[in-house]
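The numbering used here puts the first residue of the sequence shown at -4, with every later residue one more than the last.
Notes for the one structure printed next.
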Amino acid sequence: MKRLGLIARGLAALITTLLILIGAPILLAFFSSNIVPAGGLVSAIIHPDYTGGLLIHTILPAIGWIAWATFALAILIEIPSAFTKIKIPTIPGLQVQRKAAASLLSAITIGITALFGGGAAMAAEPAPVDVAPVSVTATAHTDSDTGSQTEKVMKDQKYTIEHGDSLWKIADSKYGDPDRYPEIAEANDLADPDIIHTGEILTVPDVEVEAPVTEAPAPDSTPDAQPGADAIPHPSTVDDAAEEAPAAEEAEEATAADDAPLSPSLVTTAGVGTLLAAGLIGVLAAKRRRQRAKRTPGTRVAQPALEASTVERELREVEDPATIAHIDTTLRWLADYCRSAGKTMPAPFAGRLSTDGVELYLTDPADFPSPMRKTAEDGTAWVVSTDDTPTLAEDAEIPAPWPTMSTIGIDEAGGQVLVDLESTGALNIVGPDASNVLLALCLELGVSPWADDLQITLVGMDADLPQIIGPDKCRTLSDVDQLIKILTNRKADAEAALAEDEATDVADARTRGVAPDTWSPEIVFIAAELSSAQTEQLAGLVGQLPRTGLAIASTTPLGVGWTLTVTEETASLDPAGISVNPQRISPDQYDALRDLYITADDFTEEPGPTWTTTMSVTPDIFAPIAFPEAPTEVAPADSTAQPISATSDTGDSGDITVVEMPAPPEEITEEVPEDSLAADIIRVHPKMPVVRILGQVRIIGAKGPEPVSAGTSRIGICTAMAAYLATHPGASRENIHTALWPKADPQDGKYARFNDPSSKLRKWLAEADDATPNFPRYNPTDMYRLHPDVQTDWQVVQGLIGESIADTPTARLSQALRLVEGPPISGLPPARKFGSSWAWAEPLREEIIQTLTDVAHEIAARCLRTKDYATARVALATARMVGPEHEFLWRDTLLIEHAAGNREKVAEIIKSLTNEDSDVDVDLTDETEELIDQIRKAG
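Structural data, given as C-alpha cells:
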C-alpha cells in the first residue's frame, strides 16, 4: 500500500508539472494571443482604462507568462540536482519557484522508483544551503545472538542531509530497501517524511555493518547454578556473577539493548545538562550506599518527598555515565600524552560535548596523535569520537589537566558548551536569571568527576550547598575582605612556585606533576553585592597572566575575564561570541535537590514491610568459643539447589567444644515442596510469560513472535512496557507514556510512539491457555493491564516471602533468592532521545535490594542455629551480589565462616573490611567493630 501511494503521488506530481509546463502556455496564448495594447503600451498607460482592458489583456497575462517562465527555469535548474550532487547557486527571486519545482520533481522520482524498484529519489524540500561534508558516527549495539560468532553488527549512524536527498533515497543507500524509510522517520520523530532540510542531522537506526569475527563464550549449561559462595569479593564491589551474561538459550530474550535507540538527550526539560545530572546522581548514589551500609535488617532507608523524587527522575533521564567517562578519559589521556612527549599542555578556549564525542577548542595551535582528529587546519580545534575513546593504563594516576571545565549551556545543535574557569580567570554572569545560572555552574563543578582536588568558596550563596557538594571541598565565607586576604596569599604562593619550577602555567605544572599540592584550583562563587574597592581588588587577583589556579564566577561584574549575558531563554558569552541556552537551576529545583540530599544524609530508619516485623534475631554464638570442627552441612530441601561443601574451604579442625545452638523451629526441619512457578522460572520454562528484572531485564516464556523485524528490534522498549504494566496495573496511556518516554509530550498527537510497541508487545505475549490475551486492549474500567498470571520475578519473590517471614520455610526463602541473577534491573539500553525508559524503576530497584538482603539475613540467622552453613553461604553470596555495601551481610558472613571454622575466609573478610585502601567510604559501625574484636579474641 505504501508503494501504491507513492506511485499515485508521483503520478499526480507528473500531471501537475505537465499541466503547468504545457497547459499553462496554451491557455495563456488562447486567451491573450497579443498582450501588447493596440495603441501601444505607453498610450495604454497614460490614458484612463475605463473598460479594464489593460488589466485583463496585458497586466494579468504578463504576470502569468512571467510566473510560467520562472517556474520552467526552476524546473530546468532542479533537474540536474535530482540526479547528481551538483548544487546550483542561489538565484535571487527564484527561491519559491525552486522549492515548488524540487517538491514536484521529488514526488515524481520517488514514484518512478516505487514503480520500477530502483533509482535515486529527490529531497522533498531542499534548501539551498551549503553543508559541511557528511560526518558519520555510530554507536554499536549488542547483537542478540550471543551464542554464536558475530560477523555483522547493527549500528546507529548519523547522516547529514545533502541537497537532493530524501528518506527514500537514504533508506535505499543504508538498508538496500527504500521501503524502510518510515524507520528513519520514526527514529527522528519526523511528522512528515516528505519534509527534510539540507544540513539536518538524522539518526539512521540499525544499519548492518561488518564486525570482527570473535569466538562466542561457551553457554552456561547449568541455568540453576548458584552464585559462587566460595568467592568473597571486596565489600565495595559486586560479585563476578553479577556481570555474567545469560545462558545461550536465554540470549534472545536478553536483548534489551537491541531496542533501536534514538540519539540520547543531553539536557532535561528544565535545562540541566548531562554532566551536572550525572554528577548529582553520582553523589546521591554514594550517599545512599552509605545509608544502606548502616541500615538495620528489616528497616528501610528514608525516602525523599514527591517533589524531590520527581527531580531525581528527571536527572536520571539524561545522566550518561559513558559520555562522562569518555570526556574524562580523553582529557587525562591528553595530559598523559603531553607529559610523556615533553610538550606543554595547551590552554583551552572552550569545549563541546555531544552524543558524537568531545570537541576541544584551543587558544594556540597544537598537534596530537590519534584518536584525536583535527577539525581546524591551524590545529586549534580537535575532536575525539565516542567510538574512539583512548585507553589508559589500569594503574595510571593521571591528574585531570582542566579540573574546572564546566558547562555554561546548550547550543542550537544540542551540544553542551564548556568553558575552563581557570583559563577565563573571571566569569561575570549578568542578567535577570544570573543567580540561577551561577548556582548551576557551582553545583556542576562541585560534583564533577574530573575535579580531583578542588576548593570551592561560596559568598552570598545558600548555606546548605556544602552538604550537597561535600564539606571537604566546599566552604562558605561572609567576609569579602577576609576572602581577599586569603586569595592574595594563595596567589603569591602559586606565583612563587611557578617561578621556582619554571612552569609556564598551572596546567603545565599540573601535567608534569610539579609540586602537586600547590595547584589545587580554588573557584570562588560570589552572589553578593561588592563594593567598588572589593571589585577592583578581586579583578587584580584574577585578571593577570599567568593563571594561578584561581578563578571567580560572580553576579557582580569584575571588569575582567569573560561575560555571560543571560536573557529569559538565551545567553551570549563574550568575547568568545558563543550563544547558548544557559544551564540553570531554578529555586524550586534547588529546594527539591536540597531535600533529596538532606534525605540521603539522614540515617533515620523507617519501618519495613509487614513481613519484616517477624524476622529472626541473630543468635549470639560467642561464649568461650574457638574454632570448632566443621560440622556436616545439611543440604537445602530444594532438590535443584547446588550446596557448597563445608569441607572444601574449612580450616584445620581442633578439639574445641562447640557451643550448642538452640534447636531450630520444628517447621524448618520439615520437607517443603518447591514453588512450581519459581522452579519454572529458574529452569526458564514458565507456562506464562514472566518479566525478569532480578538481574538483566528480559521476558521469558512469551509464545508470540519477538518484536524484531527487518533489522529493527523493539525488545527493549516492549520489555520496559511489560515491566511497568506488571508493577502498575490499571495504568493510563499518559502514565505509560510519561514513564517510558519521560521527555516527550503524551498529548502531542504522535501516538505511534505508544501504539507501535504496545501492538508488538500484545503479539509477543500472545494468549493464555483460555485464549484470553496476555495483554488485553484498553477498556475504561481496567485501563491498561496484563493478564493476572503474567508477572515479574520480583512479584514471585514477594509471594514466596509471604505476609510473615517467620511462617515461611527456609527452603522457600532460598528458592526466592535463587531467582536472582544479578543486580536488579540491570543490562539496560542507554538513555534515548526522550530519556531513559527505566527511570521510573529506581524506587523499585531500591526496595528490591533491601528486600533481598533482608531475606539473606533471615536465612543466615536460621542457619546459624541449624549449622546449615552451605545454605547460608549461597544466600549471602546472592545478597552481596545485589547489595554489597550492606554491613550486616558482612557480619553475617563473618559469623557463618567463624562458626564453620573457616579461618582463612574470616581473615580475608576482616582484611577487606579494615584495609585503609578499601573502597568502602564509610566507617564501620560499632556493631561490626565489636564483632571483629570478638572473633579476634576467640581465634
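Backbone N, C-alpha and C define an ideal beta-carbon position, used for all residues, glycine too.
Since the structure is predicted, the reported quantities are computational estimates derived from the model, not experimental observations.
Asked: If you compare alpha carbons, which of 924, 363, 67 and 811 is closest to residue 795?; Found: 811
Asked: Tell me which residues share the same chain as residue 12 and place their Cβ nearer than 6 Å to its Cβ, disregarding the 5 neighbours each side in the sequence.; Found: 99
Asked: Go ahead and pull the three-state DSSP assignment for residue 773.; Found: coil
Asked: Answer yes if the stretch 336 to 352 comes into contact with the stretch 404 to 413, meaning at least three C-beta pairs across the two stretches below 8 Å, and no otherwise.; Found: yes
Asked: What is the DSSP secondary structure of residue 369, reduced to helix, strand or coil?; Found: strand
Asked: Note down the Cα distance separating residue 923 from residue 465, rounded to an integer number of angstroms.; Found: 26 Å
Asked: Quick one: grab the DSSP three-state call for residue 331.; Found: helix
Asked: Could you tell me how far apart the beta carbons of residue 379 and residue 412 are, in whole angstroms, since I believe they sit closer than 8 Å?; Found: Not confirmed; about 17 Å, so no contact.
Asked: Helix, strand or coil: which one does DSSP assign to residue 704?; Found: strand
Asked: Could you work out which residue in 268, 351 and 397 is closest to residue 328 when comparing CA atoms only?; Found: 397
Asked: Please state the DSSP three-state secondary structure of residue 462.; Found: helix
Asked: Does DSSP put residue 484 in a helix, a strand or coil?; Found: helix
Asked: Count the other CB atoms, across all protein chains shown, that sit within 10 Å of the CB of residue 477; report buried if there are 16 or more and exposed otherwise.; Found: exposed
Asked: Would you report the Cα separation of residue 567 and residue 575, rounded to the nearest angstrom?; Found: 6 Å
Asked: Can you tell me whether residue 817 is buried or exposed, with buried defined as 16 or more other CB within 10 angstroms of its CB?; Found: buried
Asked: If I measure Cβ to Cβ from residue 360 and keep anything under 6 Å in the same chain, skipping five residues before and after, which residues do I get?; Found: 373, 374 and 375
Asked: Measuring alpha carbon to alpha carbon, tell me which of 931, 461, 717 and 873 ends up nearest residue 896.; Found: 931
Asked: From the DSSP output, read off the bridge partner residues of residue 400.; Found: 415
Asked: Can you give me the Cβ contacts of residue 854 inside the same chain, cut-off strictly under 7 Å, excluding the 5 residues immediately before and after it?; Found: 805, 808, 809, 866, 867 and 870
Asked: Taking residue 275 as the reference, give the member of 319, 382 and 920 with the closest Cα.; Found: 319
Asked: Please report the Cβ distance between residue 458 and residue 580, rounded to the nearest whole angstrom; I am assuming they are in contact, meaning their Cβ atoms lie under 8 Å.; Found: No, residue 458 and residue 580 are not in contact; Cβ-Cβ is about 16 Å, not under 8 Å.
Asked: Can you grab the Cα-Cα spacing for the pair residue 578 / residue 565, in whole Å?; Found: 10 Å
Asked: Count the other CB atoms within 10 Å of the CB of residue 101; is the residue buried (16 or more) or exposed (fewer)?; Found: buried
Asked: Pull up the distance between the alpha-carbon of residue 569 and that of residue 419, whole angstroms please.; Found: 11 Å
Asked: Taking only runs of the alpha helix (DSSP H) that begin and end inside the stretch 315 to 361, which ones reach a length of at least 4 residues, in chain order?; Found: 316 to 336
Asked: With respect to the alpha helix (DSSP H) encompassing residue 688, which residues constitute its N-terminal and C-terminal limits?; Found: Unbroken run through residue 688: none, as it is neither H nor E.
Asked: Taking 8 Å as the threshold, find out whether the stretch 714 to 732 comes into contact with the stretch 287 to 302 through three or more Cβ pairs.; Found: no
Asked: Below 8 Å, how does it come out for the stretch 875 to 884 and the stretch 840 to 857: are there three or more Cβ pairs, yes or no?; Found: yes
Asked: What residues in its chain sit with their C-beta under 6 Å from that of residue 613, if we drop five residues either side in the sequence?; Found: 856
Asked: Does DSSP classify residue 736 as helix, strand or coil?; Found: coil
Asked: Count the C-beta pairs between the stretch 677 to 687 and the stretch 777 to 797 that are closer than 8 Å, then say yes if the count reaches three, no if not.; Found: yes
Asked: Select from 325, 442 and 299 the residue whose C-alpha is nearest the C-alpha of residue 281.; Found: 442
Asked: Between the beta-carbon of residue 561 and the beta-carbon of residue 429, is there less than 8 Å?; Found: yes
Asked: With DSSP run on the structure shown, which of helix, strand or coil describes residue 654?; Found: Bear in mind that the predicted position of residue 654 carries a pLDDT of just 36, short of 50, making it unreliable; the figure below should be weighed with that in mind. In this structure, residue 654 counts as coil in the three-state DSSP scheme.
Asked: Below 8 Å between beta carbons: does that hold for residue 963 and residue 588?; Found: An answer regarding residue 963 cannot be provided, because it is not within the stretch -4 to 934 covered by the chain.
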